[in-house]
Each structure stands twice: as C-alpha cells, then as structure tokens.
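See below for the structure under consideration.
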Amino acid sequence: PQSMADPNLETPPNYAGPEFDVIREGLRRGYNENDQQAIERLLAAWQVDRATRIAAWNAQKEVEARADAEAEEMRRLREEEEELLVNEEAERERREAEKKKPKMNTFVPGSSVADVLIHPPSQYALRKLSTFDYVEMWYFSPAGRLDASKFHDRSQAEDTLSISK
1 PQSMADPNLE TPPNYAGPEF DVIREGLRRG YNENDQQAIE RLLAAWQVDR ATRIAAWNAQ
61 KEVEARADAE AEEMRRLREE EEELLVNEEA ERERREAEKK KPKMNTFVPG SSVADVLIHP
121 PSQYALRKLS TFDYVEMWYF SPAGRLDASK FHDRSQAEDT LSISK
C-alpha cells in the first residue's frame, strides 16, 4: 500500500490568500456569505477531509504494525526452531562423543591399590586359547611367560613363513 505523509502534521491552507479569491467569491455569491464566513466554510471542509485522512492514516499504520509484528513473530519462531535443531544436533553429537569415550572405572573411597603387578598371559598362550589349541598350564606361570616371550612370542601365526636373520 502507498505510504502517505502523516496528516496530523499538516497545517491548514491560508484561505484568506489571493489564490483562494475565486473560491471565496463563489461561496459569497452562492451562499450569500461574507468573506469571513466563506473562509470558515473552507476551513471546516478542510478539517473534515483532514480527519478522514487521519483515520485512514492511523488504520494503515495499525495494519502495517500488525504485519510487522506478525513478520517479527514468524522470524522469532523460525529462529527458535533453528536454534532448537542446532541444540538437538549438538546434543546428539555430544551423546555420540560420550559413547565413544573410554569409560573409567568408578572411584571407590577407601579402596587400596595392589602393590603387586599381575602380568597377563603371553601372546603365545592367548593365541593358543583363541584357536582352541591345547596350552600347558606352565605357560601361565611367571617362568612360562618368560620362556614364551623368548621363544614363542611372534606376531605371526605358527603356520606363517617369514624371513629372519
């Protein structure tokens, strides 16, 4: 819609001026009025017209304000929705990162840490167990672990050929 100037700021025309002589003369003759009565009639007509334009201007500004408020509300809702989606995505990524994090054992106050290091079985014994082959119990003793680390620990399986020096 066409935006018009604020009619509240208008000043009335000078109906006593020479540019309105013809109109005043017509009113004097048509209504048998003097010059002052013609000026008052013109001023009253202008004020009625101005009141109509003020009402139209106020209605237009009200419509524009409502449209602006609706647009602002839509923009705000859209931003809230986008922010919600971003927050949900960040929360999902945080949960996925949390799942991938290694879990630490819980801390138990008053518990003590063992002062003896328990060595795990040798790779030789573990490989035999994983293939369901027979493993002598001796390989789980400290002497057997030492022996297996010297003679049996290798990164390949037993049936793999390798070049050694």
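According to the UniProt record's numbering, the sequence shown is numbered sequentially starting from 1. For each residue, glycine too, the CB sits at the ideal point set by N, CA and C. Quick caveat, the model's predicted, so the values are computed rather than measured.
Give me the Cα-Cα distance between residue i and residue j, rounded to the nearest whole angstrom.
| i | j | result |
| --- | --- | --- |
| Glu-88 | Lys-101 | 20 Å |
| Pro-1 | Ala-56 | Residue placement at Pro-1 is poorly supported in this model, since its pLDDT is 49, which falls under 50; the coordinates are not used for a value here. |
| Pro-118 | Asn-105 | For the sequence presented, residue 118 should be read as Ile rather than Pro. Spanning the two alpha carbons is a distance of roughly 18 Å. |
| Ser-141 | Glu-91 | 49 Å |
| Arg-145 | Arg-127 | 13 Å |
| Arg-76 | Gln-36 | 58 Å |
| Asn-58 | Ala-44 | 21 Å |
| Glu-83 | Glu-72 | 16 Å |
| Ser-112 | Phe-132 | 36 Å |
| Ala-125 | Lys-103 | 28 Å |
| Asp-147 | Ser-164 | 19 Å |
| Glu-81 | Arg-95 | 21 Å |
| Arg-41 | Glu-79 | 56 Å |
| Pro-109 | Ala-97 | 28 Å |
| Glu-10 | Glu-64 | 22 Å |
If you reduce the DSSP assignment to three classes, tell me which class residue i lands in.
| i | result |
| --- | --- |
| Val-63 | helix |
| Ser-130 | helix |
| Ser-122 | coil |
| Asp-21 | helix |
| Glu-52 | A small fix is needed here, since residue 52 is Thr in this sequence, not Glu. DSSP places Thr-52 in helix when its eight states are reduced to three. |
| residue 167 | Given a span of 1 to 165 for the chain in the structure shown, any question on residue 167 remains unanswerable. |
| Phe-107 | coil |
| Glu-10 | coil |
| Ser-149 | helix |
| Ile-39 | helix |
| Met-137 | helix |
| Leu-117 | coil |
| Glu-33 | coil |
| Pro-1 | Legend: pLDDT at Pro-1 = 49, less than 50; position of this residue unreliable, value from coordinates given subsequently. Here Pro-1 sits in coil by DSSP. |
| Lys-101 | coil |
| Ala-45 | helix |
For residue i, which residues of its own chain have a beta-carbon under 7 Å away from its beta-carbon, when the five flanking residues on both sides are left out?
| i | result |
| --- | --- |
| Ser-149 | Ser-122 |
| Leu-129 | Val-135 |
| Pro-13 | Trp-46 |
Tell me which same chain residues have a C-beta within less than 6 Å of the C-beta of residue i, skipping the five on either side of it?
| i | result |
| --- | --- |
| Ile-39 | Tyr-15 and Ala-16 |
| Arg-53 | Pro-7 |
| Val-116 | none |
Please confirm whether residue i has its beta-carbon closer than 8 Å to some beta-carbon of chain B.
| i | result |
| --- | --- |
| Arg-28 | Of the protein chains in this structure there is only one, and it is not chain B. |
Give every residue of the same chain whose Cβ lies closer than 8 Å to the Cβ of residue i, excluding the five residues on either side of it in the sequence, and list them in chain order.
| i | result |
| --- | --- |
| Asn-34 | Arg-28 |
- Inter-stretch contact (C-beta, 8 Å, three-pair minimum) for the region 66 to 79 and the region 24 to 43: no
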